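A.B. asks: Below are the structure tokens for one structure; questions will follow.
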Amino acid sequence: MNSDIDSQPKAILDEVDRVRRGTRTALHGMWFPLVVFGSLTCLGAGVSWQLGGASLAVYWAVAAPVGSVATGIFYSREQRRVGIEMPSWHWMVGVAVIIVGAFSTGTLGGMLGAEMVSAVGPPLSVSLGYLIFAWIERSPVLATIAVALATLTLAMAISEASPTTVATVLAATYGLVFLVTGLLLMQGQRPRRA
Amino acid sequence: MTHPINDLDEVVHQRVRLGILAVLAEARRADFSFLRKSLDLTDGNLARHLQVLEAAGYVAIDKTFEGRRPRTWVRATPEGGRAFQREVRSLRELLNQVTTTGEAET
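Those protein sequences? They're chains A and B, same order as listed.
Numbering-wise, the first sequence is residues 14 to 207 according to the working numbering.
Numbering-wise, the second sequence is residues 415 to 520 according to the working numbering.
Rendered as structure tokens:
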């Protein structure tokens with residue numbers, strides 16, 4: 014066998030995969046939404062604790078668009094700076110999963126009087142959305158975090174804690190995990206950005 | 415059935431041009447500097463390969479200004495996207511044939 018000729022298609026395909034992966038992660042922007050939404054979620058936990066779970070819907074009706082617009086502006090600036098424009102449809106799918114999932118499970122739980130559904134539905138939607146983001150960025154770290162948070166959410170759902178406690182603990186946990194992960198990713202990107 | 419080597423596209427098969435299309439397969443568009451840095455090319459080398467791809471109708475090039483700074487954006491045309499997918503498919507088939515033949519020989 015002529016190994017030079019035979020290994021060439023594999024070498025070319027490996028190179029193509031490497032280039033595609035490098036392009037997908039060229040923006041290194043995931044830290045920003047993690048920090049923004051991590052901070053907003055921590056703040057939301059405080060709002061829930063102080064004013065009760067019902068106030069969270071009003072809080073997120075304001076906070077979610079503010080965070081989304083800030084993230085959109087950030088990505089738009091990063092794309093111009095780095096020199097690459099990524100397709101946005103799969104990000105929109107992730108965002109839609111979070112928004113539709115969170116609001117529908119929250120509302121459904123309220124309508125059915127199932128407070129636990131309202132408490133765990135929105136966080137589960139968020140973890141599912143982040144699993145989609147992890148796939149987009151090909152990030153095993155983000156995927157692991159999303160699965161761990163979903164597992165914690167399901168464990169809390171079958172625990173004996175009250176729905177209000179579950180909602181507050183999950184909001185605080187999600188917020189802190191996203192915030193810390195975002196800050197670590199931001200730190201990790203500094204040498205590459207220089 | 416034809417041998418997959420006959421399906422390889424001369425324009426796309428060249429390594430740099432395949433790299434350009436690989437970047438553009440993931441992005442809506444990329445600017446000249448990004449392509450040059452990603453593929454570790456010189457300005458002249460990249461420009462030559464882009465001309466070949468543009469002449470084949472595989473990429474579209476937009477020259478714009480941001481303030482006073484000129485900027486060249488490159489995007490794959492639908493035909494370019496299809497040519498890239500065909501090339502990757504042919505390479506995979508070729509690799510499969512080589513692997514199968516190798517296993518049969520051992």
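Every residue, glycine too, gets a C-beta built ideally from N, C-alpha and C.
Because the structure is a prediction, the values reported are computed rather than measured.
Based on the DSSP output, what are the partners of residue 104 of chain A in its beta bridges?
C.D. replies: Paired residue(s): none; residue 104 of chain A is not in a bridge.
A.B. asks: Closer than 8 Å, Cβ to any Cβ of chain A: which residues of the segment 494-514 of chain B, in chain order?
C.D. replies: 502, 505, 506, 508, 509 and 512
A.B. asks: Out of A:81, A:33 and A:69, which has the shortest C-alpha to C-alpha gap to residue 48 of chain A?
C.D. replies: A:81
A.B. asks: Could you check which residue in B:466, B:476, B:430 and B:507 has the C-alpha nearest to that of residue 443 of chain B?
C.D. replies: B:476
A.B. asks: Pop quiz: residue 25 of chain A and residue 429 of chain B are said to be a contact at Cβ under 8 Å. What is the actual Cβ separation, rounded to whole angstroms?
C.D. replies: 7 Å
A.B. asks: Residue 138 of chain A: which of A:149, A:183 and A:171 sits nearest, CA to CA?
C.D. replies: A:183
A.B. asks: Mind the definition here: the segment 183-199 of chain A touches the segment 49-63 of chain A only if three or more C-beta pairs lie below 8 Å; say whether that holds.
C.D. replies: yes
A.B. asks: Anyone know if the C-beta pair for residue 130 of chain A and residue 118 of chain A falls short of 7 Å?
C.D. replies: Cβ atoms of residue 130 of chain A and residue 118 of chain A: closer than 7 Å.
A.B. asks: Please return the same chain residues whose Cβ sits closer than 7 Å to the Cβ of residue 79 of chain A, not counting the five positions on each side in sequence.
C.D. replies: none
A.B. asks: What do you get for residue 514 of chain B, buried or exposed, if any count of 16 or more other CB atoms within 10 angstroms of its CB means buried?
C.D. replies: exposed
A.B. asks: CA-CA distance, residue 507 of chain B and residue 36 of chain A?
C.D. replies: For residue 507 of chain B and residue 36 of chain A, the distance between alpha carbons rounds to 25 Å.
A.B. asks: What residues in its chain sit with their C-beta under 7 Å from that of residue 39 of chain A, if we drop five residues either side in the sequence?
C.D. replies: Answer for residue 39 of chain A: 95 and 97, listed in chain order.
A.B. asks: Where are the alpha helix (DSSP H) runs, 4 residues long or more, that stay fully inside the segment 126-190 of chain A, in chain order?
C.D. replies: Runs found: 128-150 and 153-170.
A.B. asks: Run through DSSP, which three-state label would residue 456 of chain B get?
C.D. replies: In this structure, residue 456 of chain B counts as coil in the three-state DSSP scheme.
A.B. asks: Run through DSSP, which three-state label would residue 445 of chain B get?
C.D. replies: strand
A.B. asks: Less than 7 Å between CB atoms is the rule here; does residue 29 of chain A satisfy it with respect to chain B?
C.D. replies: yes
A.B. asks: Provide the residue span of the beta strand (DSSP E) that contains residue 524 of chain B, from first to last.
C.D. replies: Past the edges of chain B, shown from 415 to 520, lies residue 524 of chain B, and the structure says nothing about it.
A.B. asks: Distance check for residue 70 of chain A and residue 115 of chain A, CA to CA, integer angstroms please.
C.D. replies: 10 Å
A.B. asks: Grab me the residues of residue 145 of chain A's own chain with a C-beta within less than 8 Å of its C-beta, minus the 5 sequence neighbours each way, in chain order.
C.D. replies: 103, 106, 107 and 110
A.B. asks: Output needed for residue 173 of chain A: all residues of its chain with C-beta closer than 6 Å, excluding positions within five of it in sequence on either side, in chain order.
C.D. replies: none
A.B. asks: So residue 440 of chain B contacts chain A; which residues on that side make the cut at Cβ distance below 8 Å?
C.D. replies: 33, 36, 37 and 99
A.B. asks: So, residue 446 of chain B versus residue 486 of chain B, is the Cβ gap smaller than 7 Å?
C.D. replies: yes
A.B. asks: Give the residues of chain B in contact with residue 193 of chain A, contact being defined as C-beta atoms less than 7 Å apart.
C.D. replies: None at all; the shortest Cβ gap to chain B is about 29 Å.
A.B. asks: Is residue 16 of chain A close to chain B? Criterion is C-beta to C-beta, closer than 7 Å.
C.D. replies: Annotation note: pLDDT 42 at residue 16 of chain A (below 50); position unreliable, coordinate value reported separately. So, not an interface residue.
A.B. asks: Cβ of residue 457 of chain B less than 7 Å from any chain A Cβ?
C.D. replies: no
A.B. asks: Answer yes or no: do residue 168 of chain A and residue 143 of chain A have a C-beta to C-beta separation smaller than 7 Å?
C.D. replies: no
A.B. asks: In the DSSP output, what is residue 98 of chain A paired with across the bridge?
C.D. replies: B:443.
A.B. asks: Among residues of its own chain, excluding the 5 on either side of residue 134 of chain A, which ones have a beta-carbon nearer than 8 Å to its beta-carbon?
C.D. replies: 114, 115, 117, 118, 119, 121 and 122
A.B. asks: With respect to the alpha helix (DSSP H) encompassing residue 428 of chain B, which residues constitute its N-terminal and C-terminal limits?
C.D. replies: Neither: residue 428 of chain B is in no alpha helix (DSSP H) and is coded neither H nor E.
A.B. asks: Is the CB of residue 481 of chain B under 7 Å away from at least one CB in chain A?
C.D. replies: no
A.B. asks: Check the Cβ-Cβ distances between residue 437 of chain B and every residue of chain E, and say whether any is below 7 Å.
C.D. replies: In the structure shown, chain E cannot be found, because the protein chains are A and B.
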